[in-house]
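Scroll down for the structure; my scribbles are underneath it.
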Amino acid sequence: MTKEQLNQLGKTLWNIADQLRGAMNADDFRDYMLSFLFLRYLSDNYELAAKKELGCDYPDIEEGDRRTPLAIWYENNSEDVADFEKQMRLKTHYVIEPQFLWSSIAEMARVQSDDLLKTLDKGFGYIEERSFGRNFQGLFSEINLYSEKLGKTQKDRNNKLCNIIKKIAEGISQFSTDTDILGDAYEYLIGQFAAGSGKKAGEFYTPQHVSTILSEIVTLDSQDPTTGKKKKIRQVLDFACGSGSLLLNVRKQLGPHGIGKIFGQEKNITTYNLARMNMLLHGVKDTEFEIHHGDTLENDWDILNEMNPAKKMEFDAIVANPPFSLRWEPKESLGDDFRFKNYGLAPKSAADFAFLLHGFHFLSEDGVMAIILPHGVLFRSGAEERIRTKLLKDGHIDTVIGLPANLFFSTGIPVCILVLKRCKKSDDVLFINASEYFEKGKNQDYLLPKHIDKIIESYQFRKEEEIFSPCINGRN
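Position 65, counted from 1, in the sequence shown is what numbering that gives the first Met the number 0 calls 64; the numbers after and before it change by one each time, with no gaps.
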């Protein structure tokens, strides 16, 4: 599928969303629509695997027969179903009965079946319960098909769901059924919903043009970026991963086999589910990623709470776009927390450096961390100044990139990217002033490819330009 066709698919789905959501909040409608798109992906993937597993026994459909091939096979081979599902669970790590496949649900929507809502709800539960891996558990937990947001009565809700699913099925049918395109369509819709939800968007989405800068930086060789990209990254972490787009952008830089395992953490349960769906939709196997639902500042993820230094988790690449200047209430005991004890606690008024120190603690000796923070972290006094000064004197801040204001849906303030390393060759800190590099947009401004290339080139080759990218000794 060409880029133009992909954009057209995204626009088609977005127009459907715009037409059908009515008075429903855009964020609520987003969760329904993206879940249905995800069900379509799971179904397509499952049917392809089933066809391969059954070989010549996979039924052909006669003209006019609205049943799925798997439904016919189940009817004719009831005694073999248990063994078949056992094999499918081993291969795909999940099972979908024929009645719960997207094509079956879409057919129910087409004929306005009164049982669609019940069948869909049962299907979501079935997929979660009969799955093999943790990454499928609770995936649809926040999708309330009985919500009054869909209609006052069950009949109204059923009719609304029929209409939504029918339109999505019709919209997708105009395009290639290649499962790879659904991941891109999902990303497109996430971006569109983010643009429409304003300040709330900061919770789950990093604009692609900003995401590209971070992902390109952390995939370049840490000691000598001029040599180009790393061939392999063992583990990458985003501790405030939102919908997972930033992690997927890192994966895109190195290809599907360039990262050993992807790790993410997200506090908002709805967004956490979006991130897991996003990974699977982009072909990341459930054994290749681990997304944790929890509070980063509390550090409630067991794998990151190992007290034995020999067993400490370390990451070659860390990217993050945490909530800007979040108010937090650090307990006194956090002063002795292994993440903060060498630097001190960030002030209650802004957790920016708390997020930074959390990530930095888990950075490997040869790793690179790129984090987006509000511009104020460069100048604020008090505890933040002490943390910043120690990081500079210890030689851990490698590059500071000043970005323009109004790039994010969630805020109009200027932001910066801090690049940190445990071991870096140069004593100086590279400052890249990209505050004037942007294209005006209707609501948000954005970076053009030439702006991104200029920033990456300055970082990679440490090009000194008096105004754009001076190098300053950070240890003095």
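For every residue, glycine included, the Cβ atom is placed at its ideal position computed from N, Cα and C.
Just so we're clear, the structure is a prediction, and the values are computed from it rather than from any experiment.
Could you please give the first and the last residue of the uninterrupted alpha helix (DSSP H) stretch that includes residue i?
i: residue 32; result: 25-53
i: residue 81; result: 80-91
i: residue 256; result: No alpha helix (DSSP H) contains residue 256, which DSSP labels as neither H nor E.
i: residue 240; result: Note, residue 240: premise wrong, no alpha helix (DSSP H); not H, not E.
i: residue 72; result: 68-75
i: residue 121; result: 115-128
Whose CA, out of the options, lies closest to the CA of residue i?
i: residue 423; options: 76, 126 and 391; result: 391
i: residue 476; options: 121, 370 and 72; result: Because the chain in this structure spans residues 0 to 475, residue 476 falls outside the shown range and cannot be described.
i: residue 36; options: 364, 9, 50 and 347; result: 9
i: residue 123; options: 112, 237 and 136; result: 136
i: residue 331; options: 266, 425, 252 and 344; result: 344
i: residue 53; options: 40, 80, 374 and 61; result: 80
i: residue 262; options: 237, 206, 404 and 268; result: 237
i: residue 213; options: 129, 318 and 150; result: 318
i: residue 377; options: 360, 357, 398 and 358; result: 398
i: residue 264; options: 291, 110 and 442; result: 291
i: residue 346; options: 369, 383 and 459; result: 383
i: residue 464; options: 88, 450, 432 and 445; result: 432
i: residue 295; options: 105, 361, 6 and 412; result: 361
i: residue 100; options: 68, 88 and 90; result: 68
i: residue 455; options: 414, 94 and 369; result: 369
For the beta strand (DSSP E) containing residue i, name the first residue and the last one.
i: residue 316; result: 314-319
i: residue 234; result: 232-237
i: residue 288; result: 288-292
What does DSSP give as the partner residue(s) for residue i in the beta ladder?
i: residue 417; result: 370 and 399
i: residue 145; result: None; residue 145 has no bridge partner.
i: residue 246; result: Residue 246 is not bridged to any residue.
i: residue 228; result: 219
i: residue 436; result: Paired residue(s): none; residue 436 is not in a bridge.
i: residue 362; result: 314
i: residue 185; result: Residue 185 pairs with nothing; no bridge assigned.
What would DSSP say about residue i, mapped onto helix, strand or coil?
i: residue 386; result: helix
i: residue 263; result: strand
i: residue 427; result: strand
i: residue 61; result: coil
i: residue 134; result: helix
i: residue 17; result: helix
i: residue 277; result: helix
i: residue 445; result: strand
i: residue 11; result: helix
i: residue 97; result: helix
i: residue 107; result: helix
i: residue 354; result: helix
i: residue 336; result: coil
i: residue 172; result: helix
i: residue 376; result: helix
i: residue 322; result: coil
Could you check whether the Cβ of residue i sits closer than 6 Å to any heavy atom belonging to the ligand GDP?
i: residue 411; result: Absent from the structure shown: the ligand GDP. Ligands present: none.
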